[in-house]
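Read in order, the letters of the sequence shown correspond to residues 59 to 404 in our numbering. We put the CB at the ideal spot given by N, CA and C, even for glycine.
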Amino acid sequence: MSDKFLYSLARPILFSMDAESAHHFTLPALKRLSALGLTRAMVRRPKDDPRTVMGLTFRNPVGLAAGLDKDGAFIDALADLGFGSIEVGTVTPRAQPGNPKPRMFRLPAAHGIINRMGFNNGGVDAFVANVQSSRFYQNREGVLGLNIGKNADTPIERAVDDYLHCLGKVYPYASYVTVNISSPNTKNLRQLQGASELDGLLSQLKEAQLRLADQHKRYVPMTLKIAPDMDGDQVKNIADALLRHKIDGVIATNTTLSRTAVEGMQHGAEAGGLSGAPVFELSNNVIRLLKAELGDALPIIGVGGIMQGKGAKAKLEAGAQLVQLYSGLIYAGPALVRDCADALRG
Ligand SMILES: Cc1cc2nc3c(=O)[nH]c(=O)nc-3n(C[C@H](O)[C@H](O)[C@H](O)COP(=O)(O)O)c2cc1C
């Protein structure tokens with residue numbers, strides 16, 4: 059039985075549950091299947107197609123985007139799906155519950171998702187313990203990105219303290235660290251993308267990264283994850299800051315606040331970030347703007363609305379070197395990893 063056929067059976071059952079319940083059902087189920095060795099038997103993994111980016115070797119260019127596994131509790135199960143890299147988080151210094159439920163909504167007619175989870179997670183110490191206990195980390199099976207953020211109740215003027223705290227904690231276990239300043243669901247977070255705030259944040263993070271590299275005798279690249287809701291000048295400012303502070307990569311993009319593509323649909327007016335097909339072109343535009351500013355100075359990881367292999371290809375054509383998936387997995391299932399990897403093999 060093919061993995062596509064199996065997912066065509068599972069999807070209606072999952073879609074009959076509310077989105078967050080389906081999430082909490084699927085990941086533990088996947089973990090059990092994986093522990094029994096069944097995932098690898100059921101899912102046909104892509105052929106290796108290594109890419110070296112930021113000094114790291116990615117087995118293939120298709121990664122898991124942050125937010126699906128916020129606590130790093132399902133790393134091995136997700137790795138069995140054949141990703142070239144796994145990014146987990148966003149994690150914050152202290153555990154926090156996130157926003158009240160319901161806070162995740164499917165928009166099937168648009169192949170979209172709206173979420174306002176609000177960085178629900180068990181805190182960075184539990185996160186690090188999960189990472190440490192994963193086979194993926196212990197055996198250095200692949201590229202592991204650890205994505206960090208700030209607690210909701212940390213004042214935005216002190217945000218840098220939260221990022222520095224998390225960076226220090228996750229650094230020894232990460233292949234790369236992502237600094238997430240683009241979630242729309244933590245009040246004022248996106249302010250950190252503004253020119254003066256970003257300069258302050260990146261200069262302190264860079265200093266800490268170099269100090270940690272010295273301490274651990276290993277340089278861990280740092281990427282910045284940005285929003286799609288920016289005009290050309292704002293993207294240019296960010297690109298300049300990335301170059302000025304010698305940041306190692308940029309992940310474009312997070313979810314959008316735009317609702318143009320989902321107006322009038324059920325759940326279309328829910329607050330939060332919209333992902334999936336409706337963010338595809340917005341993200342591609344940001345990638346193109348970044349590429350024009352950055353050239354080959356630093357790599358772009360393209361994420362947003364990849365629902366098929368050809369979407370992954372479009373990200374590379376726009377200027378990305380690697381891609382990541384989230385919402386597409388919900389709609390197309392795990393075979394999407396292989397479809398994208400096949401489309402990018404060249
Ligand atoms: C339910 C949900 C939760 C998310 N949580 C995070 C998160 O914690 N940190 C983060 O950097 N991105 C988070 N994202 C954003 C995704 O990583 C990705 O950037 C975005 O969804 C666009 O990609 P997609 O269209 O393939 O989903 C989340 C997305 C969704 C749908």
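- Each residue's CA atom was taken as its position, placing R164 and L301 some 37 Å apart.
- Within the model, the alpha-carbon separation for A299 versus L352 is close to 11 Å.
- Short note on I284: C-beta not closer than 6 Å to any heavy atom of ligand 1.
- Remark: the C-beta of A124 is in contact range of ligand 1, defined as less than 6 Å to any heavy atom.
- Relative to the non-hydrogen atoms of ligand 1, the Cβ of T314 never comes closer than 6 Å to any of them.
- Linking H82 to A135 through their CA atoms gives a straight-line distance of about 14 Å.
- Counting C-beta pairs closer than 8 Å gives fewer than three between the stretch 362-379 and the stretch 318-332, which falls short of the contact rule.
- Taking C-beta separations shorter than 6 Å and ignoring five residues to either side along the sequence, the partners of I345 in its chain run A310, I358, G360, A376, G377 and A378, following chain order.
- L263 has its alpha-carbon roughly 23 Å from the corresponding atom of K349.
- Judged by the Cβ position, S385 qualifies as a neighbour of ligand 1 at the 6 Å threshold, a heavy atom of the ligand being closer than this.
- Taking the Cβ of S333 as the reference point, at least one heavy atom of ligand 1 falls within a distance shorter than 6 Å.
- Taken in chain order, the complete alpha helix (DSSP H) segments of 4 residues or longer contained in the stretch 193-219 are 193-196.
- Minimum Cα-Cα distance from A93 among the listed residues Q382, A137 and I305 corresponds to A137.
- Distances between the C-beta of I239 and the heavy atoms of ligand 1 are all 6 Å or more.
- DSSP places T148 in the uninterrupted beta strand (DSSP E) bounded by S143 to V149.
- Put simply, the backbone Cα of S341 is about 5 Å away from that of P286.
- In the DSSP assignment, L270 falls within the alpha helix (DSSP H) that extends over A253 to H274.
- In the displayed model, I358 falls within a strand according to three-state DSSP.
- Note on F141: 16 or more other CB atoms within 10 angstroms of its CB, so buried under the neighbour-count rule.
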